[in-house]
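Here's the structure we're looking at; comments come further down.
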Amino acid sequence: MHTPAFRRLTGAWLVSLLGDGVRVAALPLFTAVNTGSPLAVSAVAVAEVLPWLAVALPAGALVDRWRPRRVVVVAHAVRAVATAALTAAVVTGHAGVTLLVAVAFLLTSAETFADSASQSLLVGLAGPTELERANGRFVTAETVGLDLGGPLAASALFLWHPAACFALDTLSFVVAAVLVAGLPDVVPAREAPSAAGRAVLATLREEVVRGGAHLLRSSPLRVLLTAVAAAAFGVSAANAVIPLYALRDLAVPAAVVPTLWVVMSLGTLAAATAAPRMVRAAGEGRVLVGALLLLAGGYLVVGMVPRAGAVWGAYAVVGFAAGAWNVLSATRRQRLTPGSMMGRVTSSYRLFAWGLMPLGAGVAGPLAVATSLGTVFVVAGAVIAVTAVVLARPLSRPVGVPRTPSGA
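Each residue of the sequence shown is one higher than the last, beginning at 1 in the working numbering.
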């Protein structure tokens, strides 16, 4: 945590996540302004998330075969080339829907590789005793770059020229690649040959299945996966309707609505710093359960107290709870995952955990029409609260660190 290498890794996270934040804000906005087509906007949105379903699992298996530093450098380089091409197309007026869809898919596909490899770099450079603080640094960088700095930079640059957003994106990935290239060459554990001594190269499919099987066979990982899937369902349902809730039920001006995300991000930043201290005071399991209950309580207040002051305060609580959960759940997952499977387990976890997000967003609309917008938040809070209560005992149990598998 105190070495130049880890500070360099933190800098690479911050810069690359700033680029991601610019892209997340600017690409859909440019598509909407440039095409005026709901179908085009939808197509680009699908292309941005599709790699987490179609690419993430094989990406995790390949990352487990390769050196993580090299993977991250190449992934950032690919993203730099893609955004440079997009910048040129925007400047010359050739940024059609096909190019926008292709770039969106390519950027997220490269991100699935960088995300899995970064987990190995984090664990290798921080060491097992510093994982809470290391993940706190990552969540801080993610919040500052992805949720605050990137969108704010995109908003300012888009008014000047949309191409400036993608040019900044290109620069961020180049700088991040250079920073990662200067890191020590972390060499994670690799799976050994079979017990019979034959050096059999497993197929990619077999390796993907093995990573998913480890995730589902491990009782503590299954508990963590169940909790994060329920939380993802509730959070995505709430996120789908909060802008309309703020405008219609709270009568808040449209220009004020984005400050909800700022307030939530500030709560997340506070949690990223406080999480390690809370673990030392109360234990990891209790803090995980408490974070879920706090998240549920925040959404219940949003739905049951339709006043702007209460909702903005509740969103600060939601951000704090989400930040604490993200730091500690990532730490627990990393400690429960053999180094030889870090990429595959991370990508499988993302796939299973985020699989309910479209369902939560899809349920929110019909539920609001049948009842009210406030009911969506009450249901989201109730789902998360029930999950926390049901899983409180297994989440509170201390977990051990697995040994690296001795056979394929």
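Glycine included, C-beta positions come from ideal geometry on N, C-alpha and C.
Under the 8 angstroms Cβ criterion, the stretch 32 to 52 counts as touching the stretch 99 to 117, having at least three qualifying pairs. DSSP places residue 183 in the coil class of the three-state scheme, outside both helix and strand. With a minimum length of 4 residues, the unbroken runs of alpha helix (DSSP H) contained wholly in the stretch 129 to 161 fall at 131 to 142, 150 to 160. Sequence-distant partners of residue 287 (beyond 5 residues in either direction) whose C-beta falls short of 8 angstroms from its own C-beta, in its chain, are 275, 278, 279, 324, 328.
If you draw a straight line from the Cα of residue 312 to the Cα of residue 138, it comes to about 25 angstroms. With respect to the C-alpha of residue 136, the residue from 272, 262, 213, 148 having the closest C-alpha is 272. Separation of the CB atoms of residue 395 and residue 289 is rounded to 5 angstroms, and the pair is thereby assigned contact status at 8 angstroms. Under the three-state reduction of DSSP output, residue 93 falls in the coil class, being neither helix nor strand. Its chain contains 170, 173, 174 as the residues whose beta carbon lies nearer than 6 angstroms to that of residue 80, once the 5 sequence neighbours on both sides are disregarded; these appear in chain order. If you check the CB distance, residue 346 and residue 60 come in under 7 angstroms.
Annotation note: the stretch 32 to 82 contains the following uninterrupted alpha helix (DSSP H) runs of length 4 or greater, listed N- to C-terminal: 38 to 49, 51 to 54, 56 to 65. For residue 35, the CB contacts under 7 angstroms within the same chain, skipping 5 residues up- and downstream, are 97 in chain order. Counting every other CB atom within 10 Å of its CB across the protein chains shown gives residue 319 a total of 16 or more, marking it as buried.
Contact annotation, residue 388 with residue 296: C-beta distance approximately 6 angstroms; criterion of less than 8 angstroms satisfied.
DSSP places residue 112 within a helical segment (H, G or I) once states are collapsed to three. Nearest C-alpha to residue 74 among 262, 111, 375, 140: 111. Contact annotation: the stretch 144 to 161 does not touch the stretch 374 to 391, with fewer than three C-beta pairs closer than 8 angstroms.
Each residue's CA atom was taken as its position, placing residue 261 and residue 235 some 13 angstroms apart. With fewer than 16 other Cβ atoms inside 10 Å of its own Cβ, residue 216 counts as exposed. With a contact defined as Cβ atoms closer than 8 angstroms, residue 211 and residue 344 qualify at about 2 angstroms. Residue 168 and residue 156 do not touch by the CB rule: their CB atoms are close to 10 angstroms apart, not below 8 angstroms.
Closest by C-alpha distance to residue 177, out of 187, 360, 16, is 16. The C-beta distance from residue 6 to residue 63 rounds to 20 angstroms, too long to fall under 8 angstroms, and the pair is not in contact. Around the C-beta of residue 76, 16 or more other C-beta atoms lie within 10 Å, and the residue is accordingly described as buried. The Cβ atoms of residue 124 and residue 24 do not sit closer than 7 angstroms to each other. Between residue 4 and residue 90 a beta carbon distance of about 37 angstroms is seen, past the 8 angstroms cut, so the two are scored as non-contacting.
Contact between residue 183 and residue 393 is ruled out by a C-beta separation of about 40 angstroms, above the 8 angstroms threshold.
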